[in-house]
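Heads up: the sequence shown runs through residues 929 to 1115, numbered per my numbering. Backbone N, C-alpha and C fix where the C-beta goes; we use that ideal spot for every residue, glycine too. Okay, so here's the structure we're looking at.
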Amino acid sequence: NADRAAAKAAIDAIVPAPATAIGRGLIAARDEILSPGTVACTQHIFLMSDGVNNVGPGELTIIPSLIDAGIAVFTFAIQQPPKLENLGEIAKQTGGTYSAVPVLEELPGLLASRAAETSDAGVAKEDMAFLMDGDSYDSTVRVEQGAGKAEFIVFWADFADSISLSLTAPDGTVYTVADTTNPDIQF
């Protein structure tokens, strides 16, 4: 919870400015990925933008260094209509994908889907539900017997809101955050 609060505070502290520096953002992400430490087999950047770079180096000039580093960029155009040319080109040349996000509420599910794809896990099911205070929602996801791992990702609009999650195993056992009797299940 402390990490979540710190992340939310950092995001809330961002002040919008009339400038978009996609090239600088790609450089910063690339340098962070290439910094000393554990290196993953695959490297990815998720870039969300309106697609209009108007400050700093052009985003297309960064592509060769991303390719050299083996970093795929997955781009998400947040705008109506999206400016897809450069965002599409970045994704295409680096081995990522381009996605238009005409409705902002679709972004969390799309991010979760792309995250699963980049982890080679695949997506078994995507769900979207709009709930009011006190509402509940059940979603059944079938996981094949013998699967080594299943991950579930949940997004909600306001992290100040609290949610309660539980997982019901095929034998009917219910696992919650407060009562995880199975060491193989982590919330």
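{"query": "Measure from the alpha carbon of Ala-1078 to the alpha carbon of each residue in Gly-951, Arg-1042 and Ile-1113, then state which is nearest.", "result": "Ile-1113"}
{"query": "Compute the beta-carbon to beta-carbon distance between Ser-977 and Leu-1015, rounded to the nearest angstrom, for a pair I have assumed lies under 8 Å.", "result": "7 Å"}
{"query": "Could you tell me which of Thr-1003, His-972 and Glu-960 sits nearest to Glu-987, measuring between CA atoms?", "result": "Thr-1003"}
{"query": "With H, G and I counted as helix, E and B as strand and the rest as coil, what does DSSP make of Ser-1090?", "result": "coil"}
{"query": "Would you say the beta carbon of Gly-1024 comes nearer than 7 Å to a heavy atom of the ligand HEM?", "result": "The ligand HEM is absent from the structure shown, which contains no ligand whatsoever."}
{"query": "Quick one: what's got a C-beta closer than 8 Å to Asn-981's C-beta in the same chain, skipping five residues either side?", "result": "Thr-948, Ala-949, Ile-950, Gly-951, Glu-987 and Asn-1014"}
{"query": "For Asp-996 and Thr-1025, what's the separation of their Cα atoms in angstroms?", "result": "18 Å"}
{"query": "Tell me the DSSP secondary structure of Ala-1106 in three-state form.", "result": "coil"}
{"query": "Is the Cβ-Cβ distance between Gly-1023 and Ala-1000 less than 8 Å?", "result": "yes"}
{"query": "Determine which residues share a DSSP beta bridge with Leu-1095 and list them.", "result": "Tyr-1103"}
{"query": "So for Thr-1003, helix, strand or coil by DSSP?", "result": "strand"}
{"query": "On the DSSP bridge list, what partners appear for Ser-963?", "result": "Answer is none; Ser-963 lacks a bridge partner."}
{"query": "Considering only DSSP beta bridges, list what Leu-975 is partnered with.", "result": "Thr-1003"}
{"query": "Report yes if the C-beta distance between Arg-932 and Phe-974 is below 8 Å; otherwise report no.", "result": "no"}
{"query": "Could you compute how far the alpha carbon of Asp-959 sits from the alpha carbon of Ile-939?", "result": "21 Å"}
{"query": "Secondary structure at Ser-1041, three-state DSSP: helix, strand or coil?", "result": "helix"}
{"query": "Determine the direct distance from the alpha carbon of Gln-1007 to that of Leu-1032, and round the result to whole angstroms.", "result": "9 Å"}
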